[in-house]
Amino acid sequence: MPIGNIKTIGVVGAGQLGRMLALAGYRLGLKFLFLDKSADAPGGQIGDIILGEFSDPAKVGELASKVDLLTYDVENVPVEALAQIPAGKPFLPPQAALAAGQDRLAEKTLFNELKIPTTKFRAIQTMAELEEAIHAIGYPAVLKTRRLGYDGRGQRVIRSPAELGSSFNALSGVPLILEEFIPFEREVSLIGVRNLKGETAFYPLAENHHRDGILRLSVAPYPDKKLQAQAQKHMQKLLEKFDYAGVLTIEFFVRKGKLIANETAPRVHNSGHWTIEGAVTGQFENHMRAILGLPLGETWAIGYSAMINFIGSMPTREEVLAIPGAHYHDYGKEPRPGRKLGHATLVCKTRKELLKRLKNFPGLAT
Ligand code: AMP
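Heads up: the sequence shown begins at 1 in the numbering used here, then just goes up one per residue.
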């Protein structure tokens, strides 16, 4: 279908990512229809939702029949659920990238094939395999479920032989992976984008701070030319491997000045929210441009940015907007402990000013 005829985008999942995709896409003259199991999902406040599970092929098929192009805001859409998308209806980023990102073992194996460094890892099904693997990898190590793990869920750090059995019992029953624990100096992520014509663009690296496995704070750009070049080289390989279209994220550990890939997400990412106000073109707009085959927008940073996640509770608009350079994003969700409810982005002219204004920033300590 010619680009000019694409009017309606279907989004599988109506979370905050879908909502922010739509907010960027409306400016380009697009309309949005979501598929989500909950009527009050963040996307539903700004577009129509087809109610249903994103694992239901009939529902995904129904969404596909009503739109010109499909994308997704959740990475756990089972590939089997895409069976009823009519031939010729684009689903982007490509299914193969979605599938690879769903299984930590497949993902790390692919990284290694492409010579992208990872932690040492072993597939685990049984206690005997875990005992053998821990012997090879050593303590501490991280035991994770291969699928459906995010924000630190489905993982245990094993620090001593005494913790082996309890960690296995807590997670067993599904395929697992044991990883070497990396005493990293920092965590960074690269957000990149490739359009249907094969053109690519990369944002500056963001430095990410997690607590309890959940992202709390991203600061960008992380100013290291060598790491930036290394990260882009790694991502370029993945983008080409999948003939990718859309935004792609890789999260890395930095250890002794080198990057170790932890995981990818075939979608816009929480650590890229700063780009909405902190870069010339935000990740959400660039995702829409990429999957439509439009020219990509420039990705350089306007000054220095920080993104503060609001987890479990939100500071007020007044408190946040009293800080010069701050922007407020409320996803319209009911507060619940551990739930991402919104974020703020702080954009400053200098890094020094940014760090000063970040001190006591509302919501940062919670
Ligand atoms: P993940 O679900 O793999 O993104 O892990 C969530 C967070 O747990 C990461 O951002 C790290 O802070 C930490 N983590 C995960 N895997 C490891 C590892 N192998 N070594 C050290 N820390 C880890």
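We put the beta carbon where it would ideally sit given N, CA and C, even for glycine.
Pick from 334, 205, 299, 249: whose alpha carbon is nearest that of residue 228?
Along the sequence shown, read from residue 1 onward, the residue named residue 228 stands at position 228. Checking every option, the nearest Cα to that of residue 228 belongs to 205.
For residue 48 and residue 33, I'd like the C-alpha separation in whole angstroms.
Here residue 48 is taken as the residue at index 48 of the sequence shown, counted from 1. Here residue 33 is taken as the residue at index 33 of the sequence shown, counted from 1. The straight-line gap from Cα to Cα measures roughly 5 Å.
For residue 270, does the three-state DSSP call read helix, strand or coil?
Here residue 270 refers to the residue found at position 270 of the sequence shown. Correct three-state label for residue 270: helix.
Helix, strand or coil: how does DSSP classify residue 1 here?
Position 1 of the sequence shown, counted from the first residue, corresponds to residue 1. Note: residue 1 maps to coil in three-state DSSP.
Is any beta-carbon of chain B found at less than 8 Å from that of residue 106?
Among the chains in the structure shown there is no chain B, since it carries only a single protein chain.
Taking only runs that begin and end inside the segment 274–352, name each unbroken alpha helix (DSSP H) of 4 or more residues, in chain order.
275–278, 283–292, 317–321
Apart from the five residues just before and just after residue 133, which ones in its own chain have a Cβ nearer than 7 Å to its Cβ?
In the sequence shown, the residue the question calls residue 133 occupies position 133. For residue 133, where only same-chain residues beyond five positions count, the Cβ hits under 7 Å are 122, 124, 178.
Is it true that the CB of residue 296 sits closer than 8 Å to the CB of residue 309?
Within the sequence shown, the letter at position 309 stands for residue 309. Within the sequence shown, the letter at position 296 stands for residue 296. Going by C-beta atoms, residue 309 is not nearer than 8 Å to residue 296.
Using a Cβ-based criterion (distance less than 7 Å to any ligand heavy atom), does residue 191 qualify as near the ligand AMP?
As a first step, residue 191 is located in the sequence shown; it is residue number 191 there, counting from the start. No, Cβ of residue 191 sits at least 7 Å from all heavy atoms of the ligand AMP.
Candidates 328, 130, 79: closest to residue 363 by CA position:
Along the sequence shown, one-based indexing puts residue 363 at 363. It is 328.
Anticipated Cβ contact below 8 Å, residue 39 with residue 51, distance rounded
Reading the sequence shown from its first residue, position 39 is the one you call residue 39. Reading the sequence shown from its first residue, position 51 is the one you call residue 51. Going by Cβ atoms, the distance from residue 39 to residue 51 rounds to 6 Å, so yes, they are a contact pair.
Return yes when the Cβ of residue 356 is within less than 8 Å of the Cβ of residue 293, no when it is not.
Taking the first residue of the sequence shown as position 1, residue 293 is located at position 293. Taking the first residue of the sequence shown as position 1, residue 356 is located at position 356. Against a cut-off of 8 Å, the Cβ pair of residue 356 and residue 293 comes out as no contact.
Considering Cα atoms alone, identify which of 75, 70, 98 is closest to residue 87.
Residue 87 sits at position 87 when you count from the first residue of the sequence shown. Closest option to residue 87, Cα to Cα, is 70.
Counting along the chain, where does the alpha helix (DSSP H) carrying residue 137 start and finish?
Here residue 137 refers to the residue found at position 137 when the sequence shown is read from its first residue. Run containing residue 137: 127–137, per the alpha helix (DSSP H) assignment.
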